[in-house]
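Colleague: Chains as they are written, first to last, in my numbering: chain C, 1 to 103; chain Z, 1 to 171. Beta carbons: idealized from backbone N, C-alpha and C, even for Gly.
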């Protein structure tokens, strides 16, 4: 296997771990952390293709990763604020009980 | 070269698996900080030093602290109760789905042999990144700035909302 395939395999496994956590856990903070892990796996792909791509001088992969990190930071801030708001209303952070907006 | 990559991958994935399967949320967050450090180590290995430093600053420094505060603010004892059969069933389905996704991705990655340019690691200076950000990507940089400002203001509004009388359960 060449290093690009190894990097892509690494990011695939990391993505699957994050997906499993986001689906399996009932604590909303852990679901959010699983999402973070999936986004990190996407960033790994950007860097891997930039490193082994045909034109690594263009810096596009690194710039894309910087923007992705910024967007992820915003997403985490809003998500954790939502978790705190849910906790204030129902005194726990379990997703299965956050049904007060369900139609 | 490949041995370092495999070591980084094993440490990162191991930390992530342990973090997302353990019951103590504090341990989860601290182990995930280790996992994010592993991702930063991969960026360093691939020659993207600037992305690695951004990863350490934003993830290991800021996001883990914010998540830690959220864990401490929403702490309660029922989190340690035993999982019911519905939770177990869902965990089984989730494991199956995650395993299936992993198998599909790994088969796809292993089946295609992408052309790799066997070049030395590309040299990317901070000056080049700055010229990219200030030149062709300036509009995107501005948009990200607006997005971050709006998101953080919205987060403050969401987390601080509520009548002043019902704050007795807050620590």
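1. The alpha helix (DSSP H) that contains residue 27 (chain Z), what's its start and end?
2. State the Cα-Cα distance for the pair residue 102 (chain Z) and residue 92 (chain Z), rounded to the nearest angstrom.
3. Counting only Cβ-Cβ distances shorter than 8 Å, please list the residues of the region 23–53 of chain C near chain Z, keeping chain order.
4. Which residues, in chain order, does the region 134–162 of chain Z contribute to contact with chain C at a C-beta distance below 7 Å?
5. Going along the chain, which residues of its own chain have a beta-carbon closer than 7 Å to the beta-carbon of residue 17 (chain C), five neighbours each way excluded?
6. Pop quiz: residue 86 (chain C) and residue 28 (chain C) are said to be a contact at Cβ under 8 Å. What is the actual Cβ separation, rounded to whole angstroms?
7. Write down the C-beta distance between residue 74 (chain Z) and residue 93 (chain C) rounded to the nearest angstrom, noting that I regard them as a contact closer than 8 Å.
8. Count the C-beta pairs between the region 58–71 of chain Z and the region 28–41 of chain Z that are closer than 8 Å, then say yes if the count reaches three, no if not.
9. Hey, would you say residue 15 (chain C) sits closer than 8 Å to residue 48 (chain C), going by beta carbons?
10. What's the call for residue 167 (chain Z), buried or exposed, on a 16-neighbour Cβ count within 10 Å?
11. How would you list, in chain order, the residues of chain Z whose beta-carbon sits under 9 Å from the beta-carbon of residue 95 (chain C)?
12. Among Z:36, Z:10 and Z:160, which has the Cα closest to the Cα of residue 88 (chain C)?
13. Under 8 Å, do residue 60 (chain Z) and residue 45 (chain Z) count as touching if we go by C-beta distance?
14. I'd like the span of the alpha helix (DSSP H) that includes residue 140 (chain Z), first residue to last.
15. Which of helix, strand or coil does DSSP assign to residue 25 (chain C)?
16. Pull the bridge partners of residue 94 (chain C) from the DSSP assignment, please.
17. Using 10 angstroms around the beta-carbon of residue 2 (chain C), count the other beta-carbons present and answer buried if the total reaches 16, otherwise exposed.
18. Using DSSP with H/G/I as helix, E/B as strand and the rest coil, what is residue 84 (chain C)?
Modeller: Answer, in terms of the structure:
1. Annotation for residue 27 (chain Z): the continuous alpha helix (DSSP H) segment containing it runs 25–46.
2. So the two alpha carbons sit approximately 15 Å from each other.
3. Within the region 23–53 of chain C, the residues whose Cβ lies closer than 8 Å to some Cβ of chain Z are 23, 24, 25, 26, 27, 29, 30, 32, 33, 34, 36, 37, 40, 43, 44, 47, 48, 50, 51, 52 and 53, listed in chain order.
4. 137, 140, 144, 147, 148, 151, 152, 154, 155, 158, 159, 161 and 162
5. 37
6. 7 Å
7. 5 Å
8. yes
9. It is not a contact, given that the beta carbons lie outside the stated cut-off.
10. Any answer about residue 167 (chain Z) is weak, because its pLDDT of 48 lies below 50 and its placement is not dependable; what the coordinates show is given next. Result: exposed.
11. Within chain Z, no residue comes near residue 95 (chain C); the closest Cβ sits about 11 Å away, beyond 9 Å.
12. Z:160
13. no
14. 138–160 is the span of the alpha helix (DSSP H), which, as asked, contains residue 140 (chain Z).
15. DSSP places residue 25 (chain C) in the coil class of the three-state scheme, outside both helix and strand.
16. C:27
17. exposed
18. helix
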